[in-house]
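Here is the structure we will look at.
2 protein chains.
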Amino acid sequence: MDMDVTKLTEKWALAAGPENHIVVTSRVRLARNLAMAPFPPRAEKEGLRRVAEAVDTLIGKHPELRGFMRVDVGALSPLERAFLKEGYIISPEMELGGEHRVLYLDQLRHCVIMINEEDHLRMYCLRAGLQTDPSLEEISRIDGIFGRALNYAFSDKYGYLTTCPSNVGTGMRASVMLHLPGLAMTRQVEEALKAAPPSGLTVRGYYGENSEFLGDFYQISNEVTLGRTEGEIVTVLQGMIRQVIERETAARKHLFQRKQTYVEDVIWRAYGALTHARIMNSTEACKLLSPMRLGIERGYFSTLSHHELSQLIVAVQPAHIQLSAGSQTGAEERDVARAQFLRSKFSRLDANN
Amino acid sequence: MDMDVTKLTEKWALAAGPENHIVVTSRVRLARNLAMAPFPPRAEKEGLRRVAEAVDTLIGKHPELRGFMRVDVGALSPLERAFLKEGYIISPEMELGGEHRVLYLDQLRHCVIMINEEDHLRMYCLRAGLQTDPSLEEISRIDGIFGRALNYAFSDKYGYLTTCPSNVGTGMRASVMLHLPGLAMTRQVEEALKAAPPSGLTVRGYYGENSEFLGDFYQISNEVTLGRTEGEIVTVLQGMIRQVIERETAARKHLFQRKQTYVEDVIWRAYGALTHARIMNSTEACKLLSPMRLGIERGYFSTLSHHELSQLIVAVQPAHIQLSAGSQTGAEERDVARAQFLRSKFSRLDANN
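Protein sequence lines correspond, in order, to chains A and B. For what it's worth, the working numbering labels the leading residue of the first sequence as 4, then goes sequentially. For what it's worth, the working numbering labels the leading residue of the second sequence as 4, then goes sequentially.
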């Protein structure tokens, strides 16, 4: 395909948002299936094709959807798919690729529709900072358009039907990505997040299920999709997020009031390594980027913003480095390109060491 | 006492010397005892007093020795004694302090005479870089003055008599301090130094017997003092040093030709930490200072010289930091003062990152 996938993440990545000294993104995702074909795991190619065609037709003619960009995921290279997964555009399932898997993105990169993922339709709205309500509102509007035009698989008893029973009901998963360097540095993350499971919430790492807690990023989302309305679920999630924001704020304050030299040491050593290393793997890069957040908050890096720092966690991932560096292939060359990328990013900073 | 011990190391510490991209210092030390009193371990206070008095008198009236500065080691605080040991001025034995232990230093800080150490007299000449011959010549001249004025304990059969049998004969120990970051980084130190023991030479760390190989510094000295002349011993030592210099030079060349990015990574990360850390213990400081040598050689730090770097290994030791920082007492405060000292030293560098 002719599209340059590296351009796809540009716009939303540049956005700032409320509370983004702690909250990176808010995302609300809906899982939907069409009654016209078996659900993807059981569908023949023909079924998948008909689903993709129906969605293509709708998007092509509907005035509110016409601006969406179409990406044939099946035609992408593994590297391009990895890039989109790292960039939080497609799911790990979608990264596997395959025929009749299609991705739509709106012009502002707020909304994404994945076709023939685990369900016929996975649509989400992603916004920078704490914006679960606007995200829910926006994705519901798009869901309404699809629901009115296409026949959803729906049960009066259970609600929306999905491939995995964990999504049945609302089909909604609202997730908020938090960056918690303060709680991590004071070893309070576990304590701060222990209220999540009893509230029907679950905690994951940056890249979803089974991913590590890369660079002190934590993703909190609803586990329960059945028996509550979308609004109720989002309210519970927001309540939890507000609590965690309070605790992270207190941890950062504690660090700077009681452990100032220690936390300055961590921040400036990270900065020293980011601006000087010649070889760096992605795990180390994430570890070093994390304390930079506290430096921004202290005004050490006057030209670096919270949301720019959040973007870097994605920008240092392997496929991003590989695609931006060009011809590199091996992990070693990538580690060199990553170090170079970080040096050039950070050397332009106005740092008050 | 009124003397500021921190001034004592200033002059020799600033000197440059031949081969000092690898050779830090050359030292020739002579052990002598006077026939007038039992050797120190067996001497009564009165005997030690008489020895000190005899030396005081000689130095006070001899035209070539009159310029020597007298330091009553017994009157120094433990911190001041630690400072002098770190600075390579007095031996670990002398650091223990005690009555009638006296130290004399010449104006240029090339020569030191310790009175009532393990032997009545321990005198050495220390020069920057590879200068074993001038050191031997200079200390022999001073030894001649003492030998003509005082009655040395001497046996026609064994030579100079000393407290420890390992010094009997010439009473001489010639040692050369080498900095081998290239061999350390390529894991070739052991191989390069394995010829030492068969040649009657021994390898020690920066602070002599049982000290660690701090910051890749290695001290090579003669084990044998009996049955060879001073000149023969020094010639063997010089031969070994020449070999090690060749190997270290080859290792550095190899690193920059074959492992350029790796070695640049190590150098610049060290520099990044030295210029940014807020807390640093002396072990880490030595580890980070070591690769800086290679950076100097590559012209990365145009305003830092080899001998200035060598001084820093001493300057970051605990008593040095404590005395220069003033009121600090605990290890934590010292680590903060050390980081501050290093930042101020290195931030003035003209680094070509």
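Glycine included, every Cβ here is placed at the ideal spot set by N, Cα and C. As the structure is a computational prediction, the values presented were derived from the model and not from experiment.
Local conformation of residue 205(A) per DSSP, three classes:
strand
Between the Cα of residue 179(B) and those of 147(B), 226(B), 169(B) and 283(B), spot the shortest distance and give me the residue it belongs to.
226(B)
So is residue 287(B) in contact with chain A if we call contact Cβ pairs under 8 angstroms?
no
Please confirm whether residue 312(B) and residue 251(B) have their CB atoms less than 8 angstroms apart.
no
Cα separation between residue 67(B) and residue 108(B)?
13 angstroms
Using 10 angstroms around the beta-carbon of residue 281(B), count the other beta-carbons present and answer buried if the total reaches 16, otherwise exposed.
buried
Is it buried or exposed, residue 119(B), if we count other Cβ atoms within 10 angstroms and call 16 or more buried?
buried
Using a 10 Å radius around the Cβ and a threshold of 16 neighbouring Cβ atoms, would you call residue 350(A) buried or exposed?
exposed
For residue 134(B) versus residue 20(B), is the C-beta spacing smaller than 8 angstroms?
yes
8 angstroms is my cut-off, CB to CB: does residue 55(B) come that close to chain A?
no
At a cut of 8 angstroms, does the stretch 148-165 of chain B reach the stretch 72-80 of chain B through at least three beta carbon pairs?
no
Starting from residue 382(B) and walking both ways along the beta strand (DSSP E), at which residues does that stretch end?
Outside the modelled stretch of chain B, which goes from 4 to 356, sits residue 382(B), for which no answer is possible.
Distance between residue 243(A) and residue 198(A) (C-alpha atoms, nearest Å):
8 angstroms
By DSSP, does residue 40(A) sit in helix, in strand, or in coil?
coil
Alpha carbon to alpha carbon, what distance is there between residue 87(B) and residue 74(B)?
11 angstroms
Give the single residue among 337(B), 324(B) and 35(B) whose Cα lies nearest to the Cα of residue 169(B).
35(B)
Output, in chain order, the set of chain B residues within a Cβ distance shorter than 7 angstroms of residue 371(A).
Nothing can be reported for residue 371(A): it is not among the residues displayed for chain A, which extend from 4 to 356.
Please report whether the beta-carbon of residue 348(A) lies at a distance below 8 angstroms from any beta-carbon of chain B.
no
Endpoints, beta strand (DSSP E) assigned at residue 155(A)
First-last for residue 155(A): undefined, no H or E at that position.
Where does residue 103(A) fall in DSSP's three states?
coil
In three-state DSSP terms, what is residue 174(A)?
coil
Which whole runs of the alpha helix (DSSP H) in the stretch 254-285 of chain A are 4 residues long or more, in chain order?
263-277
Reduced DSSP secondary structure (H/G/I, E/B, other) of residue 75(B):
strand
Going straight from the alpha carbon of residue 207(A) to that of residue 56(A), what length do you get?
34 angstroms
Alpha-carbon spacing of residue 53(B) relative to residue 59(B), whole angstroms:
10 angstroms
Sorted by chain position, which residues of the same chain lie with C-beta nearer than 6 angstroms to residue 103(A)'s C-beta, five sequence neighbours on each side aside?
51, 52, 55 and 119
Does any heavy atom of the ligand SAM sit closer than 7 angstroms to the C-beta of residue 106(B)?
Looking for the ligand SAM in the displayed structure turns up nothing, as the structure carries no ligands at all.
Verify the CB distance criterion: does residue 257(B) have a CB-CB separation below 8 angstroms to chain A?
no
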